[in-house]
Amino acid sequence: MLGVSNLYLCVLSVSFTITDGLVAGQVQLESSYGGSNRTVKLGSSFDFSWNYTGDLNSVEWGTKDREILEVNVTLFTLAIGGHSAANVSQYIGRCLGSWNRQSPGQVKFTLNRIKAVDNQVFIFKFVSDDFAASNVFDVVQLIVKGPPVVEIVPPALSTLRGVPANFTCHVEGFPLPTIKWKKQNGSVEREISANSADFKINSHRGSSQLIVQNASTADSGYYICKASNYVSDTARAFLGVVYPVMYEDHGLCPTSFVATKGESVLMCCPVKGFPPPQVSWELPNGTQLETESTVLHVRVNTESDFGCYRCTARGLEKNFLTANITIHEKKSNTNDTKIILTDGVNFAWEKVQGASNYLIRLLENKFLKENSLLGCGTSTSVEIPYSSLPFKSATEKSKKRQLEVVIEVWAYGNTKIIGDGIRYTNVEIRADATTSTVSLIILLLSFVIYNLQ
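Reading the sequence shown from the start, the letters are residues -21 to -1, 1 to 432 in mature numbering (1 follows the signal peptide of the UniProt record, and there is no 0).
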């Protein structure tokens, strides 16, 4: 096989031969590459250029057969009649050429978007107009270099204890970089062996996969992929290994709701965990439901929708947690039961747990002013005599012997109102017979005294 130095000597011997006996129109190169090397960066462009004298007919650019000084595969041709680019798949659209067609003159070829395939020997054939003149060849070796480009996928990963974890390192560069994996412990980087019991490495062209076989908390931390050719570069990825956990969190959401028919309730199972637990529900009517989350939306339509909802959360380690969430039916704060009060008959109401006092209000109507009566401590009844009613006028009081009223009862704790006020809408207060008789006697006596005067 012909070495680069031999190629150089071959070109020189041709030049010397031409120089010793020049033919009219013989092409001469003022400068040549002469088989030397040129280093180019992957992805860049490179110009091949010459100054020449002589009657140049064409220049052919191609790849060189290692055994002979001749074009093996043509890539681009410049000629008197024009130029042409060969249909070589790896070079389509990447080869350009220019020639000023003068003597002395200039020729230039450009190779764009340098690839790894361009790491080879190129040959250039200069052909004279004079068929008696010898062809002139020039040879150059491109040395393609590309620094490593490294990427780890994913750049961060969380996994459960005992579950495998995978990272894949993708590399580019020329020459193709070699790949090594390291585990960082503080400021120390320890190389990972492919035959380790804790790790497995699968290497392919341009990539390497690191498998953490049985992840433990000791495996948490940064992993480094180092790619090297004529230089080195690294990328890092983080692995977090966690225990599967599940616990109750009663502050997460309410466990008791009050609703009326037709309302919607959004309840949740008060459980957190990693990974998120699987949740099932048992409804008040015994129906079982499986959900993908801890949230359950309930539309309260019938009596059977009130009651206890039991949620069961299942963790990864087969442990269980249960919680009860209850929907209570909201009681109406209106009481329309007919109540008749006479003197000596107390107005009574249901006891409210925690109440230390009650406020009783007679709501204003056509005949009455609004009035408030304070109940006696924790007593749940009070007498409301007809004679105590705050009529708007004395005339009305004398005419009316019974009156329909609306009464509100509010329960107070030590510092605040407890619950909603209850409104009694169908209360009738009557004047008793004694009061009526006395009023009639007083009226008659007034009439007699008036007539005696």
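Positions of the beta carbon are idealized from the N, C-alpha and C atoms, including for glycine.
Just to confirm, are residue i and residue j a CB contact at a threshold of 8 Å?
i, j, result
"ASP108", "ASN36", "yes"
"ILE93", "LEU21", "yes"
"VAL119", "ARG45", "no"
"ASN314", "TYR403", "yes"
"ARG140", "THR196", "yes"
"SER24", "THR89", "yes"
"TYR202", "TRP160", "yes"
"LYS43", "ILE131", "no"
"VAL128", "PHE153", "no"
"LEU121", "ASP97", "yes"
"ALA111", "VAL6", "no"
"ASN193", "PRO133", "no"
"ASP34", "GLY61", "no"
"SER137", "VAL221", "yes"
Within a Cβ cutoff of 6 Å, which residues of the same chain sit near residue i, ignoring the five residues on either side of it in sequence?
i, result
"VAL274", "CYS247"
"PHE285", "ILE306 and GLU308"
"THR234", "ILE304"
"residue 435", "The chain is shown from -21 up to 432; residue 435 falls before or after that span and cannot be answered."
Residues in the same chain with beta-carbon distance under 7 Å from residue i, minus the five sequence neighbours each way, listed in chain order, please.
i, result
"LYS309", "VAL237, ALA238 and THR239"
"VAL67", "VAL52 and LEU54"
"PRO364", "ASP322"
"LEU341", "LEU347, GLU349, ASN350, VAL384 and ILE386"
"VAL224", "GLY252 and PHE253"
Under three-state DSSP, which class holds residue i?
i, result
"TYR337", "strand"
"ALA112", "coil"
"ILE203", "strand"
"GLY(-1)", "With a pLDDT of 48 at GLY(-1), under the threshold of 50, the modelled position of this residue cannot be trusted, and the question is left open."
"SER243", "strand"
"ASP322", "coil"
"VAL96", "helix"
"SER367", "helix"
"LYS124", "strand"
"GLU282", "helix"
"residue 459", "Shown here, the chain extends from -21 to 432; a query on residue 459 therefore has no answer."
"SER68", "helix"
"ALA197", "helix"
"LYS378", "helix"
"ALA238", "strand"
"ALA373", "helix"
"ASN405", "strand"
"SER24", "coil"
Can you name the start and end residues of the beta strand (DSSP E) that residue i belongs to?
i, result
"HIS276", "274 to 278"
"GLU261", "257 to 261"
"TYR391", "381 to 391"
"ASN164", "157 to 164"
"VAL50", "50 to 58"
"residue 434", "This structure gives no information on residue 434, because the portion of the chain shown stretches from -21 to 432."
"ILE47", "From DSSP, ILE47 is part of no beta strand (DSSP E); its letter is neither H nor E."
"SER182", "178 to 183"
"ILE171", "No beta strand (DSSP E) contains ILE171, which DSSP labels as neither H nor E."
Would you please state the rounded distance, in angstroms, between the beta carbons of residue i and residue j? I believe it to be under 8 Å.
i, j, result
"SER207", "THR157", "5 Å"
"GLU9", "TYR31", "6 Å"
"PHE217", "ALA135", "5 Å"
"VAL258", "CYS290", "6 Å"
Enumerate in chain order the residues of its own chain whose CB-to-CB distance from residue i is below 8 Å, with the five nearest sequence positions on each side excluded.
i, result
"GLY(-1)", "Per-residue confidence for GLY(-1) stands at a pLDDT of 48, beneath the threshold of 50, marking its modelled position as unreliable; no derived number is given."
"ILE71", "ALA64"
"PHE178", "TRP160, ILE171, SER172, LEU189, ILE190, VAL191 and GLN192"
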